[in-house]
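Below you'll find the structure, written out as structure tokens, and then a few comments.
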Amino acid sequence: MRRRLTPNPANAGNSIRALKRAIDLASFIAPTAIHLHGDNDTEDQEVYLSQAMHKHIKKLYDSLRKGESALSREKFQQFLENRQGETAPKLTEEKYKFHKFLEVWWLYFGLDAERPVHFSEKDLTKPISNYFISSSHNTYLSGSQVTGRSSAEAYRRVLRKNCRCIEIDVWDPDSPSSSPERSRSHSQSKGGFKDHSRGPSGGSFHTVAANLKETVEHRIEQTRHMLGVEKSHSHSPKCSKGDLAAPPSRRDVRSRRGPSAIADSPQSERSLSRSRSPLPSGEPIVMHGYTFTHPVGFREVCQAVREAAFEKSSLPLIVSLEVHADPEQQEVMVQIMKQEWGELLVDKPSEQCPSGRMPTLEELQNKILVKVKRASSKPEGTSSTLSPYSIIVDDEGTGSDDDRPTSSNGKKRRVPICESLSALAIHTHSEHFETFESTAAKTPSHIFSISEKKILELHETKNREMFAHNRHYFMRAYPNGYRFDSSNLDPSLFWRKGVQMVAMNWQSCDEGMMLNEAMFSGEHGWVLKPPGYRSEDKSNTQEDAIPHRTLTLSIRVLAGQHIPLPESVSDGETKKFRPLVKCELHVEKPEERSGAFIEGGGRIHEGEYKQKTTASKTNHPDFGTSIPGANDNNLLEFRNVPNVVEQLSFVR
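Each number in my numbering corresponds to the 1-based position in the sequence shown with 2 added.
And the structure:
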């Protein structure tokens, strides 16, 4: 509850003193709300600062003004340019009181730890293969690879986080669909249940399993609700950016860390399940085949892509299609994409970009590129009809080649790609990897999609060839099949080999996803490769591509606020909470440069360079002084770290 304070002229002095005491008390027991006035482009906002945060920022302000009543314009500008590395805005006032100092800082630079890259500063003139691209694996899933839900909303979420390469697994519409009524009518239209006796098709097998799973889940939820039993969750806090513009409630910030870390809340997921759009008749569906995942319509996914693709970024979006649908349904896919995406879709070569070269990032702004296999020139000798135990092999498979099952006759099944769908693969076509010396490996538009396991094998046997290939052409790494829990590989390992697209399980907030966030934060999903990694360069190995340096890094941790409390700590017991800050440096290892065996493969493992602060108290901790030497318990220091490539090294 808020009340407006009105001045009492007869007792102004006492009122002001009482108000000051009230403010001091409020600062002591709770975060301070500071009202900041926006400009023409920014709304007024309230910034919440804990007592510790307020204290340290005020101490900084006092050190800058050096005893003067307010901070001068000249000193403020020197601080922004020389210490913060910012291009200072035009400061219009001669003096800046503390509140105005905060207001300018917030208005122009925000209170985040890093400065976002201004779009005007970004180099868009290089060929698109010269950039690292924020990429998603099995984008449609909101949970594990086996039991998660397929959802169009998952696409909106990752696109709004500036993911620029998404994956869509497309299947034929099911014979018995997810709707029992439609299943009965479909079966009856085929002559009744007795005539439809050949057993579940490859399409229906996984949907029947998903329907069974969802029915059981729904019954369990009904029983829980009747008994008044809450659904249990992990105690780990959600991994997400804090927002200083509004104080989150303690219950809001509690969530689980794991396969649903960036998914909807359990309540909204149940609501989504109950209000799921019916699958349109005769149109392809999107799902993870041969699992308990539930499908979503391909058209619904395309509509979600259209809505969110360029909401946050104008840079191009690559849609990676894993096609399990037959040629007739592929024709329907093409119609749907053209209907839903319209002029956003790159559906013919550009006159400004001849087929012999890659387009630049600038030439493809606000465009959707389709990544799919080319139509085969050879006649297909196998039927596309599936049994429950057969599988379609595609270069975009979610497991490694060794993980893929085969049909009953021992042969791996392939789906022919129709001409109209193949024609959309203009600048980005999928190509099966054989060797780096093949003709396909020199085609500008090709993309090799290779499992993390296979890339690490190539690192040991074809290190130079792979690095040289990736300077000019696209490569995409995808997680091994054993990652059924939606865990992530270490993307930095593959970026350092020049791999442009490292497909991540965005539904998991783990160490790998944190590194992905660090790489692409503020970059609109496309990061220009460092010199030595680009097509214009002559380097042939990771080792000689870029100069390595010795790094010394010091980080002093001052304070925090709104730290999520674990379930074991109640609202009235925050003094028992003992937060600390851990820091780990992710840098290139010697075996990465030499082509030697890499221990642990693509798995994230404990790094060599780790530091942590001492524990503080409460969810608004104060870790100590900012004076060097006075208290080194809050100092995280990494000294003389050898052979560091700064552009491909990360602090987590």
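Using N, Cα and C, we set each Cβ at its ideal position, and we do this for glycine too.
From a predicted model like this one, the values you see are computed outputs, not experimental measurements.
In the DSSP secondary-structure assignment, residue 478 is bridged to 451, 503.
At a Cβ-Cβ threshold of 8 Å, residue 164 and residue 514 do not count as neighbours. In the three-state DSSP reduction, residue 299 falls in the strand class (E or B). Contact between residue 372 and residue 426 is confirmed by a C-beta separation of about 4 Å, below the 8 Å threshold. Within the same chain, and ignoring the five residues on either side of residue 131 in sequence, the residues whose Cβ sits closer than 7 Å to its Cβ are 360, 474, 475, 476, 502, 537. Annotated as distal: residue 488 and residue 297, with beta-carbon spacing of 8 Å or more.
Residues 126, 316, 317, 318 of the same chain have their beta carbon placed closer than 8 Å to that of residue 367, with the five preceding and five following residues left out of the count. Looking at the backbone, the Cα of residue 492 and that of residue 568 are separated by about 27 Å. Per the Cβ contact rule, the region 545 to 563 is in contact with the region 578 to 589 (3 or more Cβ pairs under 8 Å). Within a 10 Å sphere around the beta-carbon of residue 121 sit fewer than 16 other beta-carbons, which makes this residue exposed. If you look at residue 110, you'll find it in the alpha helix (DSSP H) that goes 100 to 111. Judged by beta-carbon spacing, residue 172 lies beyond the 8 Å limit of residue 290, meaning their Cβ atoms are not closer than that value.
The Cβ atoms of residue 306 and residue 166 lie no closer than 8 Å to each other.
Cβ-Cβ distances below 8 Å link residue 60 to 100 in the same chain, with the five nearest sequence neighbours on each side left out; the list follows chain order. Judged by DSSP in its simplified three-state form, residue 351 adopts coil rather than helix or strand.
Taking C-alpha positions only, residue 498 is separated from residue 590 by approximately 8 Å.
In this structure, the alpha-carbon of residue 588 lies about 43 Å from that of residue 336. If the five residues before and after residue 616 are omitted, its C-beta is found closer than 7 Å to the C-beta atoms of 582, 635, all from its own chain and listed in chain order. Closest by C-alpha distance to residue 599, out of 175, 460, 448, is 460. In the DSSP annotation of this structure, the continuous segment of the alpha helix (DSSP H) that includes residue 331 starts and ends at 329 to 343. Of the candidates 88, 108, 104, the residue whose Cα lies closest to the Cα of residue 63 is 104. DSSP places residue 611 in the uninterrupted beta strand (DSSP E) bounded by 611 to 614.
For residue 286, DSSP assigns no beta-bridge partner whatsoever. In the three-state DSSP reduction, residue 463 falls in the helix class (H, G or I).
CA-CA distance, residue 288 to residue 323, rounds to 10 Å. The criterion of a C-beta distance shorter than 8 Å is not satisfied by residue 509 and residue 66. Checking the DSSP bridge columns, you'll see residue 561 partnered with 624. Contact between residue 334 and residue 285 holds: their C-beta atoms lie close to 6 Å from each other, under 8 Å.
The alpha-carbon separation between residue 110 and residue 85 amounts to approximately 16 Å. For residue 56, the uninterrupted alpha helix (DSSP H) run begins and ends at 53 to 67, by DSSP. Restricted to the region 425 to 451, not a single alpha helix (DSSP H) segment is unbroken, complete and at least 4 residues in length.
The residue among 500, 162, 53 with its C-alpha nearest the C-alpha of residue 470 is 500. In this structure, DSSP gives residue 70 a state outside helix and strand, which the three-state scheme calls coil.
For residue 535, no alpha helix (DSSP H) run applies, since DSSP gives it neither H nor E. With respect to residue 612, residue 586 sits close: the two C-beta atoms are nearer than 8 Å.
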